[in-house]
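Heads up: the structure comes next, in structure tokens.
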């Protein structure tokens, strides 16, 4: 299993499958090896093993040595693994830096914007992590502690890069970063009952967003670089933070009374769980849920 993982990693860094297997065989030998021995240990076909070893020599990952005795037989030694890893790491970093420099010079202005479905928790959090890791200037995030803790390392790394982070959390989180505010207008349990899921939003550099929801058994969401959706996601988080700050500034008793008794707020908050049901239906292809038909009365009337 370990050998397979090594071969796969070497392939990711540019070696062919045969080259990676031959290098691993040389490293595992400990003594100079000829082509027959490498083929036997690595599984590389004898018909191609010398060509493969020649490629390793050409890329500096192995050396040719003359066998003791007649001096006519060629054997091979590997570049020490530590040296190879350092070399590959440097080449990889140089390639990434060069791509960051030249790719923008050939990139056309997008004519089509992407909205990509994320159908499970792993896809949702992996994509959110990509957005966080790619951020250079600004990051908005709204998350429950469960998801926050899984993204904590990436958030801390973004903070170390001096990314300006605005965050709203539901419940306690392991480590706060940036400008972090905890939602206290209602407990996480009440919010979960109202929404039917743990809403989750991440926006990077005002250019891309991940929006979704999670329960203990499933998750749904989208990734998009559509400017309209990105703007809405930002304003959603900013609005939630603003409401939280206002609640902390004014008399808590009066705010709590207003929050629990105002008819307009009650009307807006009366569709408990519909948000999650809509996402479930969209993901499964089922029928869209509808409110129960009970009139939702506001003090301002219907307006029409």
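Residue numbers (the UniProt record's numbering): 1 to 304.
All C-beta atoms in this analysis are idealised placements derived from N, C-alpha and C, irrespective of residue type, glycine included.
Please read all numbers here as calculations on a predicted model, not as lab measurements.
Minimum C-alpha distance to residue i - residue among the options
i	options	result
residue 37	88, 8 and 73	73
residue 182	20, 264 and 145	145
residue 19	2, 32, 30 and 39	39
residue 260	142, 185 and 245	185
residue 58	231, 78 and 169	78
Buried versus exposed, by CB contacts within 10 Å (16 or more), residue i
i	result
residue 116	exposed
residue 304	Model confidence at residue 304 stands at a pLDDT of 39, short of 50, so the residue's coordinates are unreliable; what they give is reported in the following sentence. That one is exposed.
residue 208	buried
residue 8	exposed
residue 317	Summary: the structure shown does not reach residue 317, with the chain confined to residues 1 through 304, and so no result is reported for it.
residue 174	exposed
residue 4	exposed
Distance between residue j and residue i (C-alpha atoms, nearest Å)
i	j	result
residue 295	residue 196	Note on residue 295: pLDDT 49, under 50, position unreliable in the model; the coordinate value appears next. So the two alpha carbons sit approximately 21 Å from each other.
residue 147	residue 239	21 Å
residue 120	residue 179	29 Å
residue 96	residue 89	11 Å
residue 160	residue 114	29 Å
residue 215	residue 167	21 Å
residue 262	residue 243	15 Å
residue 107	residue 33	48 Å
residue 125	residue 139	15 Å
residue 48	residue 42	12 Å
residue 136	residue 210	16 Å
residue 16	residue 54	13 Å
First through last residue of the beta strand (DSSP E) which encompasses residue i
i	result
residue 170	164-170
residue 56	First-last for residue 56: 46-58, but that is the alpha helix (DSSP H), not the beta strand (DSSP E).
Segment limits, alpha helix (DSSP H) that includes residue i
i	result
residue 2	2-12
Opposing strand residues paired with residue i [DSSP bridges]
i	result
residue 197	Bridge partners of residue 197: none, in fact.
residue 116	223
residue 140	166 and 203
residue 209	203 and 224
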